[in-house]
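Quick notes on the structure that follows.
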Amino acid sequence: MNHQANAQLSDSRVNSRGLRIGVVGIDGGWSTHQLLDAVEARTGYRHLIEMQDVALQLDADRPRPRLDHNGFDLCELDAVIVKKIAPAYSPDALDRVELLRMLEGAGVRVFSRPLAMRGLIDRLSCTVQLQLGQIPMPATTITESVDEAVAAITRYGAAVAKPLYTSKARGMLVLRAEAAPQTNLRAQVQSFARDNPVMYLQQLIDMPGRDLGVVFLGGEYLATYARVSGGSWTTSTSKGGKYQPHEPSEAIIDLARRAQGLFDLDFTCVDVVETPAGPMVFEVSAFGGFRGLLNACDIDAAGRYVDYALRCLQDNDHGSDGEA
Numbered sequence: 000m001n002h003q004a005n006a007q008l009s010d011s012r013v014n015s016r017g018l019r020i021g022v023v024g025i026d027g028g029w030s031t032h033q034l035l036d037a038v039e040a041r042t043g044y045r046h047l048i049e050m051q052d053v054a055l056q057l058d059a060d061r062p063r064p065r066l067d068h069n070g071f072d073l074c075e076l077d078a079v080i081v082k083k084i085a086p087a088y089s090p091d092a093l094d095r096v097e098l099l100r101m102l103e104g105a106g107v108r109v110f111s112r113p114l115a116m117r118g119l120i121d122r123l124s125c126t127v128q129l130q131l132g133q134i135p136m137p138a139t140t141i142t143e144s145v146d147e148a149v150a151a152i153t154r155y156g157a158a159v160a161k162p163l164y165t166s167k168a169r170g171m172l173v174l175r176a177e178a179a180p181q182t183n184l185r186a187q188v189q190s191f192a193r194d195n196p197v198m199y200l201q202q203l204i205d206m207p208g209r210d211l212g213v214v215f216l217g218g219e220y221l222a223t224y225a226r227v228s229g230g231s232w233t234t235s236t237s238k239g240g241k242y243q244p245h246e247p248s249e250a251i252i253d254l255a256r257r258a259q260g261l262f263d264l265d266f267t268c269v270d271v272v273e274t275p276a277g278p279m280v281f282e283v284s285a286f287g288g289f290r291g292l293l294n295a296c297d298i299d300a301a302g303r304y305v306d307y308a309l310r311c312l313q314d315n316d317h318g319s320d321g322e323a
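Taking numbering that gives the first Met the number 0, the leading residue of the sequence shown gets 0, the next gets one more, and so forth.
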């Protein structure tokens, strides 16, 4: 970084003193506290928001809503950065997004914008948006029909059954047509359907023992890390996968850029898999990437994200001054 850039960064940090930026996350969560530390280092302010403690209060005699968090009105904040909206994805997380949408409507800048995040909590919503944007994905079947599910798995040879609300491969299982007679396969599908009436079945991809996390900040490419399998069918770190640095091809970066551009997120990680047919996208995430960037790329994602948020807030202030 040159002297001028250092001076600009120093000025932005001086100007950021007094700004009140909250962090939505999980107490004790590593990435949440990385973000809290980065905000505090730059602003002198620290406020962890756990969404289960937020109450939206709508009163006829009050001109604006109050979002109470342990006695503090979140509408008094300058901004909120969302790191983790819930310990695990679920339909309840969609309701939490609506509370953040109300906060945004009250004039508090939310990173990333609630409507942008909403489409990534439900796996099906993310898939539909990617398909409408003509982003290549592995062959996928979504159905409530056990017959259709069995037919899809038979057609694919093997499929990963994925809950609609999950991350880090939680609740996923591989169903193989060749490893079970049709009667047994049908029983496995029925068992999965009991907890997942809308079944999401994706062809098991023959991949090179890794997939990629391609990260963007403010729509600009930041870096890529690889998740390398620890011997499991999945590369998830919860199943023994390890982070490694990786230099992707321009084709992979361009594909990931197109995918993340469909969602307009401030910080996002695109999961890309290399296949014999070319790179494909598994999903786009609004909440991941911090640990992979640090371990594989030595990039302080939390610090980068907070600096970006401060620039956005300052640019907005300057724009307001210009209009006055």
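The beta-carbon is built from N, C-alpha and C at its ideal position, and this holds for glycine as well. Quick caveat, the model's predicted, so the values are computed rather than measured.
Q | Euclidean distance between Cα positions of residue 152 and residue 70 | A | Distance between the alpha carbons of residue 152 and residue 70: 52 Å.
**Request:** Count the other CB atoms, across all protein chains shown, that sit within 10 Å of the CB of residue 21; report buried if there are 16 or more and exposed otherwise.
**Result:** Buried, by the Cβ-count rule.
Based on DSSP bridge pairs, tell me the residues matched to residue 268. According to DSSP, residue 268 bridges with 214 and 284.
query = Rounded to a whole number of angstroms, what is the C-alpha to C-alpha distance between residue 193 and residue 201?
reply = C-alpha separation (whole angstroms): 18 Å.
Q.
Going by C-alpha to C-alpha distance, which of 314, 311 and 306 sits closest to residue 37?
A. Ranked by how close their Cα comes to the Cα of residue 37, the residues 314, 311 and 306 have 306 in first place.
Under 8 Å by Cβ, that's how I've got residue 255 and residue 213 pegged, so tell me the actual separation to the nearest angstrom. Yes, they are in contact, since the Cβ atoms of residue 255 and residue 213 sit about 4 Å apart, within 8 Å.
*Apart from the five residues just before and just after residue 252, which ones in its own chain have a Cβ nearer than 6 Å to its Cβ?*
Result list for residue 252: 220, in chain order.
*asked:* Could you tell me which whole beta strand (DSSP E) segments of length 3 or greater appear in the region 96–126?
replied: Qualifying beta strand (DSSP E) stretches, in chain order: 108–110.
Would a C-beta distance cut-off of 7 Å place residue 376 and residue 242 closer than the cut-off? No statement about residue 376 is possible, as the shown extent of the chain runs from 0 to 323 and does not include it.
- Identify the residues that DSSP records as bridge partners of residue 324: which are they? Residue numbering for the chain in the displayed model covers 0 to 323; residue 324 lies beyond these limits and cannot be assessed.
| said: Within the continuous alpha helix (DSSP H) that includes residue 251, where are the two ends? | reply: Per DSSP, the continuous alpha helix (DSSP H) segment holding residue 251 begins and ends at 249–260.
message: What does DSSP give as the partner residue(s) for residue 50 in the beta ladder?
response: Here residue 50 is not bridged, per DSSP, to any residue.
Practice task
Would you mind sorting residue 4 into buried or exposed? The rule is 16 or more other CB atoms within 10 Å of its CB.
Solution key: With a pLDDT of only 35 at residue 4, under 50, the local geometry of the prediction cannot be trusted, and the value read off the model is given with reservation. Around the CB of residue 4, fewer than 16 other CB atoms lie within 10 Å, so the residue is classed as exposed.
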